[in-house]
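A.B. asks: For the sequence shown, the working numbering begins at 1199 and goes up steadily by one.
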Amino acid sequence: MAQVKPQVARLDPIWQTIRDEAHDVARDEPLMASLVHAGILHHDSLERALSFRIAQKLASSEMSDLILREIADGAYAADPSLGVAARADILAVYERDPACHRYLQPLLFFKGFQALQCYRIGHWLWGHERRDLACFIQMRTSEAFGVDIHPGARMGQGIMIDHAHSIVIGETAVVGDNVSMLHSVTLGGTGKEDGDRHPKIEDGVLIGAGAHVLGNIRVGHCSRIAAGSVVLEPVPPCKTVAGVPARIVGEAGCAEPSKTMNQIIGED
C-alpha cells in the first residue's frame, strides 16, 4: 500500500490525521479493518474518500456507485472549495459535538456530515445547470439520511447538523458559516408562493431541535433559536428567541452560540 508522503501531511493535516486514526482503528478493531481500508486508507485524498463514501451511501438500482463516484470525483476536481468546506465541516463536528472524539467519525459514521457533503455535490450540479441530476442526488440523500436539502439552497462552511433526523431546507434558503442545528429543523416557506421564499440564516447561529423558521426572513448573526420554536419574524443579531410563535427572550448569552452549543435560556 502506498504511504502518504510527508509533504501531504504538512499540506493537509486533517486528512493525515484521519489516516492515522484509521490505522489505529484497523489495529485495535480488526473487524473494522476492511471498512477503514476501503473507505480511507485506499484513497490518496479526503476528496477521493468522500467520493467513495457518497457513492456507497447513495447507490441504488437506479444509479450505480461507479457512476455516482465519477460524478463526485468530477465535482471535487472542478471546484476545490467543496473540499475546503468538507474540512471545515469536519472541524465543526469535532469541536462542537461531545460524541465526536476523532476526525474520522464524521466521514464514516455521522449522517449529518455525510448528508451535507451529498448536498454540496448536488448544489454544484445545480449551479452547472445539471438540475435533474441534482434533484436525483437530493432525493437519494433524503431517502438515505432523512435530510432533505434542496440543491438550490446555499449553505456556508463549518456547519454542524447534529443527529440530522428530519432536516428540511428549502430551495431559496441561505445558511451562513459556522451554523449549528439539531434534528427536526425546518427552514421552509409559508405557502405556495414562488420566488425567494425561504429563511436567511446568518453566520454563527444556533438552531435548536424541532425549530421551524418559515418565510423569507433573516435570522441575525450569532443568535439562538430555542428548541421547538416557530420563527415567523426576523430575528436581530445576538438575540435568543423562543416560543410559538417565537419572541425575543434575551441576549444570545455568548459571542458564538453555534460553537458553545449552550441551549439553556438565561445562562451565559
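Cβ atoms here follow ideal geometry from the backbone N, Cα and C, with glycine treated the same way.
Since the model is a prediction, treat every value here as computed from it, not as a measurement.
1. Find out if the Cβ-Cβ distance for the pair H1419, P1435 is shorter than 8 Å.
2. Which of the three DSSP states is assigned to A1440 in this structure?
3. By a C-beta neighbour count over all protein chains shown, 10 Å radius and 16 as the cutoff for buried, is P1349 buried or exposed?
4. Does DSSP put T1370 in a helix, a strand or coil?
5. Do the region 1326-1341 and the region 1438-1458 make contact, defined as three or more Cβ pairs closer than 8 Å?
6. Compare the Cα-Cα distances from V1417 to each of A1444, D1360 and E1293 and report the closest residue.
7. Rank I1365, R1246, T1215 and S1232 by C-alpha distance to the C-alpha of L1264 and give the top, closest one.
8. Let me check understanding here. Comparing Cα to Cα, which of L1244, M1379 and A1276 lies closest to M1354?
9. Confirm, please, whether the CB-CB distance from V1366 to S1456 is below 8 Å.
10. For H1410, which residues does DSSP report across the bridge?
11. How many Å lie between V1223 and D1394 at the Cα?
12. Please tell me whether F1311 has its Cβ less than 8 Å away from any Cβ of chain D.
13. Cutting at 7 Å between CB atoms, please list the residues of its own chain near D1295, excluding the five before and the five after it.
14. Out of Q1312, P1432, E1454 and V1429, which one is the CA nearest neighbour of D1375?
15. Using 8 Å as the threshold, is the region 1402-1414 in touch with the region 1425-1433, meaning 3 or more CB pairs across them?
16. Could you tell me the alpha carbon to alpha carbon distance between H1221 and W1213, rounded to whole angstroms?
17. On the DSSP bridge list, what partners appear for K1398?
18. Do you know whose CA, among E1327, S1364, R1318 and P1211, lies nearest V1144's CA?
19. Output the distance between the C-alpha atoms of L1256 and A1409, rounded to the nearest integer angstrom.
20. What's the C-alpha gap between D1346 and Q1336?
21. Can you tell me the Cβ-Cβ gap for W1322 and D1277, rounded? I've got them flagged as a contact below 8 Å.
22. Measuring straight from C-alpha to C-alpha, what distance separates A1270 and V1282?
23. Hey, L1248 and A1284: beta-carbon distance below 8 Å or not?
24. Based on the DSSP output, what are the partners of V1345 in its beta bridges?
25. Under a three-way DSSP split, which group does E1327 fall into?
26. Counting only runs that start and end within the region 1254-1296, where is the alpha helix (DSSP H) found for 4 or more residues in a row?
27. Buried or exposed for I1229, please, with buried defined as at least 16 other CB atoms from any protein chain shown within 10 angstroms of its CB.
28. Select from A1332, L1385, G1413 and F1308 the residue whose C-alpha is nearest the C-alpha of E1391.
C.D. replies: For this structure:
1. yes
2. strand
3. Answer is buried; the Cβ neighbour count reaches 16.
4. coil
5. no
6. Answer by Cα proximity: A1444.
7. Nearest C-alpha to L1264: R1246.
8. First, the residue type needs correcting, since residue 1354 is Gly and not Met in the sequence shown. Nearest option by C-alpha distance: M1379.
9. no
10. T1384 and V1428
11. 46 Å
12. Absent here is chain D; the protein component of the structure consists of one chain.
13. So the qualifying residues of the chain are M1358 and D1360.
14. Closest in alpha carbon position to D1375, among Q1312, P1432, E1454 and V1429, is E1454.
15. Yes, the region 1402-1414 touches the region 1425-1433.
16. Approximately 13 Å, taken between the alpha carbons.
17. V1372 and R1416
18. Outside the modelled stretch of the chain, which goes from 1199 to 1466, sits residue 1144, for which no answer is possible.
19. Going from the Cα of L1256 to the Cα of A1409 covers about 27 Å.
20. 7 Å
21. 6 Å
22. 15 Å
23. Yes, Cβ-Cβ distance for L1248 and A1284 is below 8 Å.
24. I1365
25. coil
26. 1263-1276 and 1279-1294
27. According to the sequence shown, residue 1229 is Leu rather than Ile. L1229 comes out exposed.
28. G1413
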